[in-house]
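Quick notes on the structure that follows.
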Amino acid sequence: MLSSRTTPELIAAFRYHVIAPLVSRPLSYGEQRALIQTLCQQIWQAPDGEPVTLSPRTIYRWLAAYRAGGWTALAPAPRADVGTMRHLDPEILALAIQLREENPTRSVQQIIRVMELAHRIEPGSVKYSTLTYHFRRRGVLAKQAPDPEHVLRRRQAPYANAEWQGDTQYTVRLPDPARPGRTKQAYLFAFIDDYSGC
């Protein structure tokens with residue numbers, strides 16, 4: 150529910166709007182329970198504009214927070230881990246920075262792959278966005294001018310029919326007309342002119 154357009158005050162106002170019928174007058178346990186069920190059946194517009202439905206547990210939690218701390222208790226608490234690495238070991242980050250400094254042309258994806266191949270991290274455990282975030286915060290991803298000697302240029306044949314490229318692919322198995330009831334592997338052969346792409 151938190152986005153760049155929502156603030157803790159807007160979220161608190163939304164939560165109060167939901168629980169207002171429950172706190173505006175005294176209710177018996179049965180009335181409160183029936184009203185919460187009714188509130189859960191509605192589709193609400195969240196502060197970020199998205200339609201949401203709420204569970205009874207969520208409404209009970211907001212109600213308890215309001216009764217314990219008033220309006221301010223309805224605002225989401227600031228995260229205690231802002232700016233810290235929740236899913237990235239500091240040793241792994243140090244290794245990633247070292248790999249980047251050894252070869253500044255290495256991409257974030259290449260650094261992750263090197264650490265995976267070296268068995269320093271489990272495959273898929275470090276996400277591109279997480280490492281990029283921490284690199285940016287530390288200034289590791291400062292843009293560098295490409296080395297003109299190492300710039301890769303597209304290679305192409307100088308004229309039509311100068312060079313052809315071919316490939317073979319295993320495709321589906323088809324019924325064998327010579328042996329009923331059996332199948333035969335079909336192959337796809339493709340050749341393409343490097344210059345024209347035809």
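Just so we're aligned, residue 150 is where the sequence shown starts under the working numbering, counting upward by one. The C-beta atom is built at its ideal place from N, Cα and C for all residues, glycine as well. On a predicted model such as this, the values are computed, not experimentally measured, just so you know.
> Where do the ends of the alpha helix (DSSP H) carrying residue 165 lie?
Replying inline: What you label residue 165 is simply residue 16 of the sequence shown in a count that begins at 1. Residue 165 -> alpha helix (DSSP H) spans 157-172.
> Between which two residues does the alpha helix (DSSP H) containing residue 207 stretch?
Replying inline: Counting from 1 along the sequence shown, the entry for residue 207 is found at position 58. 205-218 is the span of the alpha helix (DSSP H), which, as asked, contains residue 207.
>> Can you tell me whether residue 321 is helix, strand or coil according to DSSP?
In response: In the sequence shown, the residue the question calls residue 321 occupies position 172. Note: residue 321 maps to strand in three-state DSSP.
> Residues bridged to residue 344 by DSSP?
Replying inline: Here residue 344 refers to the residue found at position 195 of the sequence shown. According to DSSP, residue 344 bridges with nothing at all.
> From residue 339 to residue 289, what does the alpha carbon distance come to, in whole angstroms?
Replying inline: If you number the sequence shown from 1, residue 339 lands on position 190. If you number the sequence shown from 1, residue 289 lands on position 140. The straight-line gap from Cα to Cα measures roughly 44 angstroms.
> Residue ranges of each alpha helix (DSSP H) run of no fewer than 4 residues wholly in the region 231-293, ordered along the chain?
Replying inline: 239-251, 257-266, 277-286, all fully within the region 231-293.
> Among all the DSSP beta bridges, which residues are the ones paired with residue 316?
Replying inline: Position 167 of the sequence shown, counted from the first residue, corresponds to residue 316. The partner list for residue 316 (beta bridge, DSSP) reads 339.
> Can you tell me whether residue 192 is buried or exposed, with buried defined as 16 or more other CB within 10 angstroms of its CB?
Replying inline: Indexing the sequence shown from 1 puts residue 192 at position 43. It counts as exposed.
> Around the Cβ of residue 313, are there at least 16 other Cβ atoms within 10 angstroms (buried) or fewer (exposed)?
Replying inline: The residue given as residue 313 occupies position 164 in the sequence shown. With fewer than 16 other Cβ atoms within 10 Å, it is exposed.
> Skipping 5 residues on each side, what residues in its chain have a beta carbon closer than 6 angstroms to that of residue 272?
Replying inline: Numbered from its first residue, the sequence shown carries residue 272 at position 123. Result list for residue 272: 265, in chain order.
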